[in-house]
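Novice: Structure provided below as structure tokens; questions to follow.
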Amino acid sequence: MISLGAMQLAKKVPFDDPNVLTVVRIGYLASQALCVGVYLYISYKIKQKNDMTVLKYVEPKNPLSSDQPNLVVTTNRDYDLEETSKLLRAVYMGVAMMTFLHLYMKYTQPLFVQGLMGIKGLYEAKPVALYIFGKPAEGDLKRPFKQPPGMFGANSPATDKASIAAAEGKPAPKEE
Numbered sequence: 001m002i003s004l005g006a007m008q009l010a011k012k013v014p015f016d017d018p019n020v021l022t023v024v025r026i027g028y029l030a031s032q033a034l035c036v037g038v039y040l041y042i043s044y045k046i047k048q049k050n051d052m053t054v055l056k057y058v059e060p061k062n063p064l065s066s067d068q069p070n071l072v073v074t075t076n077r078d079y080d081l082e083e084t085s086k087l088l089r090a091v092y093m094g095v096a097m098m099t100f101l102h103l104y105m106k107y108t109q110p111l112f113v114q115g116l117m118g119i120k121g122l123y124e125a126k127p128v129a130l131y132i133f134g135k136p137a138e139g140d141l142k143r144p145f146k147q148p149p150g151m152f153g154a155n156s157p158a159t160d161k162a163s164i165a166a167a168e169g170k171p172a173p174k175e176e
């Protein structure tokens, strides 16, 4: 909804005016710098908290390969750092793409839209909810984070005892 509204609003912005274009460029760079700063701060908070609680889960099987799902044994600290690192890489890749689109291809509307989408992404990021907003790790924020359905129907990591036992090569625990 936000992206559609931003695209409609971007059509009304006079990008041919150099002053407006400069403001949009500064706004885009400021939003991306804010994202990088927040993710680096979250990394600092994760390291400071140092939650060494063991986290076991089975990664979902890749639908494009014949590999079996594998068991991942990590800590909350390492898992959160990995997730934050993924978010940080996404910001860097987005900046690289926008640099290409804006400087080489001369597109200006995506600057405006992506500036807003960066802030939206910050608000929706699970590490931000945990470490900035202080929400408890329950429901959607429970580790490992549930992945939204992808193009190939990617599943979320399995955390049930039967899946973990199967990945470890042990018989499933009996229910009592």
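Sequential numbering of the sequence shown, starting at 1, is according to the UniProt record's numbering. Where a beta carbon is used, it is the ideal one built from N, C-alpha and C, also for glycine.
1) Does the beta-carbon distance from Y28 to A158 come in below 8 Å?
2) Closest Cβ-Cβ distance between I42 and chain D: below 8 Å?
3) Here's the rule: buried if 16 or more other CB atoms are within 10 angstroms of the residue's CB, otherwise exposed. What is T99?
4) Just how far apart, CA to CA, sit S85 and Y44?
5) V113: buried (16+ other C-beta within 10 angstroms of its C-beta) or exposed?
6) Select from D160, L141, G121 the residue whose C-alpha is nearest the C-alpha of V36.
7) What did DSSP end up calling V54 once you bin it into helix, strand or coil?
8) I think V24 touches L101, with their Cβ atoms under 8 Å apart; what is that distance to the nearest whole Å?
9) Can you list, in chain order, the residues of its chain with a C-beta nearer than 8 Å to that of Y107? Leave out the 5 residues immediately preceding and following it.
10) Look at the alpha carbon of V128 and the alpha carbon of G115, and state the distance between them as a whole number of angstroms.
11) Looking at the structure shown, is V72 part of a helix, part of a strand, or coil, going by DSSP?
12) Which residue wins for smallest C-alpha separation from L40, given the options I119, L88, A96?
13) Would you decide whether K12 is buried or exposed? Buried here means 16 or more other CB atoms lie within 10 Å of its CB.
14) Can you tell me whether Q32 is buried or exposed, with buried defined as 16 or more other CB within 10 angstroms of its CB?
15) Taking residue 177 as the reference, which of E83, K47, V54, Y92 has the closest Cα?
16) Please state whether DSSP places A158 in a helix, a strand or coil.
Specialist: A quick look at the data gives this:
1) no
2) Annotation note: the requested chain D is absent from the structure, which comprises a single protein chain.
3) exposed
4) 12 Å
5) buried
6) G121
7) strand
8) About 13 Å separates the two Cβ atoms, so there is no contact after all.
9) L101
10) 18 Å
11) strand
12) L88
13) exposed
14) buried
15) The structure shown has nothing for residue 177, since the chain only spans 1 to 176.
16) strand
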